[in-house]
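Let me begin by presenting the structure, written as structure tokens, before commenting on it.
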Amino acid sequence: MSVLVYTENWEGNFRKSTFEAVSYASETAKLLGTDVIAISLGEVSDDELNKLGNYGASKVVSCSGIEKGDSQAATNAIAKAANGASVLIFSNTYTAKMIAPRLSAKLKAGIVSNVIALPENTSPINVKRKAFSSKAIELATITSATAILSIAPNSYELIETGGSCSIEADSTAEKGAITIEGQETASGKISISEAEIVVSAGRGLKGPENWGMVEELAELLGAATACSKPVSDIGWRPHGEHVGQTGKAVTADLYIAIGISGAIQHLAGVNSSKIMVAINTDPEAPFFKAADYGIVGDAFEVVPKLIEEIKNLNN
Amino acid sequence: MNIVVCISSVPDTTSKINFTENNTKFDSNGIQFVINPNDEFGLTKAMVLKEANGGTVKVITVGDASAEPVIRKALAIGADSAVRINKSATDSYTTATEIANYLKENPADLIIAGKESLDYNGGTVPAMIAEMLELPFVNACNGLEITGSDAKLTREIDGGKETLSASLPLVIGGQKGLVEESALRIPNMRGIMQARSKPLAVIEPSTTEDLTTSVSFEKPAEKGACKLVDADNVAELVSLLHNEAKVI
Ligand SMILES: Cc1cc2nc3c(=O)[nH]c(=O)nc-3n(C[C@H](O)[C@H](O)[C@H](O)COP(=O)(O)OP(=O)(O)OC[C@H]3O[C@@H](n4cnc5c(N)ncnc54)[C@H](O)[C@@H]3O)c2cc1C
Ligand SMILES: Nc1ncnc2c1ncn2[C@@H]1O[C@H](COP(=O)(O)O)[C@@H](O)[C@H]1O
């Protein structure tokens, strides 16, 4: 009857999205009158695992011998820990997107992804999710006995409970039919899907040499950098920065769009951000219809001033 | 090598999304349906692999008759044959079950799906197919090379990429990068003519029960008017973001 939450780590460390999932699991468990069990895959120190207690987990099952990118092995390990759980919670990360649906198939448990709020009812589970690339919100029901919910990052708050958790080591080692050969990540970069602030720029910036000010602004704000599709298509910026309907979805607290016109396909992926700011020379740019705040002006004048003002604020 | 490409048909990206019947049904009135963009990358990749290694490319969709124009388009792009499982796709578990059941009877070496459909954005069908067939799975796959029965793949991860290897059979959730966008194939006149006589089998679904249902839809709350700040007064914007919106 418990709630099981998958707690993802990156090189042994949990991130905000992990704690969001545990907080969400904890509130869901309260609705069901039960406890939260967390499962962790790969090597994570006890100090780090203990942090999960503070967000409401009462027990952590730590499977250090399972690689999270090996979706077959991960699915089997989680299915074993889920024995008796009525709800399984994930944060919608790249890895969770491989594991959660596999579990759905294995356990015959209905899955709802892109969840943005706590369940409205628990028997059956009714929950709101984003659909149509954020052009709509869908209320979905899960009719199977076991339910799986995958939460959109940044859509649920962190709730610290001050609690603690017990740790249970599971030494099962299993390997699926896939081999991870290596990883390349730009270190120190904040990921777009999890970022609280995203600074994004479009074709209005004229060329890749002008991104220095975008990066400086992002750095000052602790933000991730993003771009419109044509900008990554022409190769001004890496593909991983492309946001919108066919790129990454943004659910930030603040999205700053510099020299981006606001085409429907762009807005579709970013408009579930809480606050949007548009900076554009054209007062008719569609982005101003979607933005909360705007400046009609030249990015090459406005952005340096913005950088100065934020430095003033930080001091 | 026999490749199956799973195709979902979705509203064109420029579509305005509306609902009918008291906001319980998607309003398909006036909507142009297209091949899900992630699947377009997969289909072109399948054509490239077939040209290099021989074999066949079959497309499969779970959908009612309204999905046929999209299927014909996939045939016109170059798929050899198509299968339509005659059921509107209402739940990802049943959709995956139908596809997996077909593939159990008609095995493929490589199953290419998309990382997500742009309508319901589930991002769940391909991994479910993999589990049902007990096959390895790579999601958000943006690179694939095949030599014999060995596959080398790359997938997108947060802030970077991961390189993997596996042997066929294998399921991928593909996306941009499988092929360049400029390499995407579009139907030409000859393809469209040939598509008319290519086999399109319609098979009835096995009765499976949905595990999820849609109750209702709503549109995100309308934004209030945009507060415009003068370009000479950037300090005002910073103050609004700090004091009013409280986001910095
Ligand atoms: C199937 C499909 C899928 C798509 N998916 C996506 C997607 O996921 N994401 C996406 O972004 N797009 C997507 N697009 C493309 C989309 O339709 C637009 O073409 C694109 O978003 C425009 O990018 P942009 O705003 O950077 O460029 P533009 O439309 O060229 O706009 C540039 C803007 O910069 C302004 N500007 C110019 N100079 C300055 C200056 N000095 N200072 C300030 N502002 C200035 C201009 O007024 C203009 O508004 C898709 C299109 C299709 C057909
Ligand atoms: N009705 C369907 N018929 C065939 N393939 C589908 C269907 N729905 C989803 N898929 C495949 O699964 C991928 C991801 O879809 P989804 O899980 O719905 O986001 C799509 O890109 C398709 O390749």
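Chains as they are written, first to last, in my numbering: chain A, 5 to 319; chain B, 4 to 251. We put the CB at the ideal spot given by N, CA and C, even for glycine.
Within the same chain, show all residues whose beta-carbon is closer than 6 Å to that of residue i, passing over the 5 residues directly before and after it, in chain order.
i	result
residue 42 of chain B	10 and 117
residue 230 of chain A	196, 202, 204, 245 and 247
residue 222 of chain A	203 and 229
residue 73 of chain A	184
residue 188 of chain A	none
residue 72 of chain B	none
residue 159 of chain B	143 and 145
residue 75 of chain A	102, 103 and 106
residue 6 of chain B	49, 60 and 113
residue 122 of chain A	31
residue 258 of chain A	201 and 279
residue 22 of chain A	11 and 12
residue 260 of chain B	Given a span of 4 to 251 for chain B in the structure shown, any question on residue 260 of chain B remains unanswerable.
residue 158 of chain A	255
residue 175 of chain B	115, 141 and 144
Identify, in the order they occur along the chain, each residue of the same chain with its Cβ nearer than 7 Å to the Cβ of residue i, setting aside the five sequence neighbours on each side.
i	result
residue 77 of chain A	70, 71, 178, 179 and 180
residue 103 of chain B	132, 135 and 136
residue 146 of chain A	114, 116, 128 and 129
residue 275 of chain A	138 and 294
residue 188 of chain B	47, 50, 80 and 81
residue 205 of chain B	87 and 89
residue 152 of chain B	170 and 171
residue 100 of chain A	10, 12, 94 and 154
Are any of the Cβ atoms in chain A nearer than 8 Å to that of residue i?
i	result
residue 114 of chain B	no
residue 69 of chain B	no
residue 4 of chain B	no
residue 220 of chain B	yes
residue 124 of chain B	yes
residue 229 of chain B	yes
residue 167 of chain B	yes
residue 43 of chain B	no
residue 96 of chain B	yes
residue 28 of chain B	no
residue 10 of chain B	no
residue 121 of chain B	yes
Mind checking if residue i is an interface residue toward chain B, Cβ cutoff 8 Å exclusive?
i	result
residue 136 of chain A	yes
residue 105 of chain A	yes
residue 220 of chain A	no
residue 189 of chain A	yes
residue 315 of chain A	no
residue 206 of chain A	no
residue 232 of chain A	no
residue 126 of chain A	no
Going by CA-CA distance only, name the one from the options that's closest to residue i.
i	options	result
residue 80 of chain A	A:280, A:45 and A:235	A:45
residue 31 of chain B	B:146, B:48 and B:13	B:13
residue 5 of chain A	A:32, A:38 and A:18	A:38
residue 149 of chain B	B:57, B:207, B:84 and B:36	B:57
residue 147 of chain B	B:121, B:129, B:172 and B:180	B:180
residue 219 of chain A	A:10, A:308, A:283 and A:200	A:308
residue 172 of chain A	A:68, A:319, A:160 and A:268	A:68
residue 191 of chain B	B:93, B:78, B:200 and B:177	B:78
residue 130 of chain B	B:95, B:122, B:162 and B:161	B:95
residue 226 of chain A	A:198, A:164, A:25 and A:61	A:198
residue 166 of chain A	A:26, A:290, A:42 and A:60	A:60
residue 247 of chain B	A:243, A:224, A:278 and A:263	A:278
residue 84 of chain A	A:30, A:176, A:193 and A:302	A:176
residue 50 of chain A	A:25, A:13, A:8 and A:149	A:13
residue 154 of chain A	B:124, B:38, B:44 and B:154	B:124
residue 270 of chain A	A:234, A:301 and A:92	A:234
residue 15 of chain B	B:120, B:91, B:65 and B:157	B:120
residue 2 of chain A	A:41, A:18, A:36 and A:319	Examination of residue 2 of chain A is not possible in this model, given that chain A is present from 5 through 319 alone.
residue 118 of chain A	B:127, B:67, B:109 and B:162	B:127
residue 186 of chain A	B:195, B:214, B:70 and B:155	B:155
residue 97 of chain A	A:20, A:170, A:29 and A:47	A:20
Which residues in the same chain have their Cβ closer than 8 Å to the Cβ of residue i, if we skip the five residues on either side of it in sequence?
i	result
residue 168 of chain A	54, 57 and 58
Taking 8 Å as the cut-off, does the region 123 to 136 of chain A touch the region 228 to 243 of chain B (at least 3 CB pairs, one atom from each stretch)? no
So if I measure from each beta-carbon to every heavy atom of ligand 2 and keep distances below 7 Å, which residues remain? Every residue passing the under-7 Å Cβ criterion appears here: B:9, B:10, B:11, B:39, B:41, B:42, B:45, B:63, B:64, B:65, B:66, B:92, B:95, B:98, B:102, B:116, B:117, B:118, B:119, B:120, B:123, B:124, B:125, B:126, B:127, B:128, B:129 and B:176.
What residues sit near ligand 1, counting only those whose C-beta is closer than 5 Å to one of its heavy atoms, in chain order? Counting only beta-carbon distances shorter than 5 Å to the non-hydrogen atoms of ligand 1, the qualifying residues in chain order are A:206, A:207, A:208, A:232, A:233, A:234, A:248, A:249, A:250, A:251, A:263, A:264, A:265, A:267, A:269, A:270, A:284, A:285, A:286, A:289, A:302, A:303 and B:16.
Are there three or more Cβ pairs, one per stretch, closer than 8 Å when the region 21 to 38 of chain B is compared with the region 95 to 112 of chain B? no
For the region 48 to 62 of chain B and the region 298 to 312 of chain A, state whether three or more C-beta atom pairs, one from each stretch, are separated by less than 8 Å. Segment contact: the region 48 to 62 of chain B against the region 298 to 312 of chain A, fewer than three CB-CB distances shorter than 8 Å; contact not assigned.
Below 8 Å, how does it come out for the region 211 to 228 of chain B and the region 140 to 155 of chain A: are there three or more Cβ pairs, yes or no? yes
Segment contact, 8 Å Cβ cut-off, at least three pairs: the region 235 to 243 of chain A with the region 207 to 215 of chain A: Yes, they touch.
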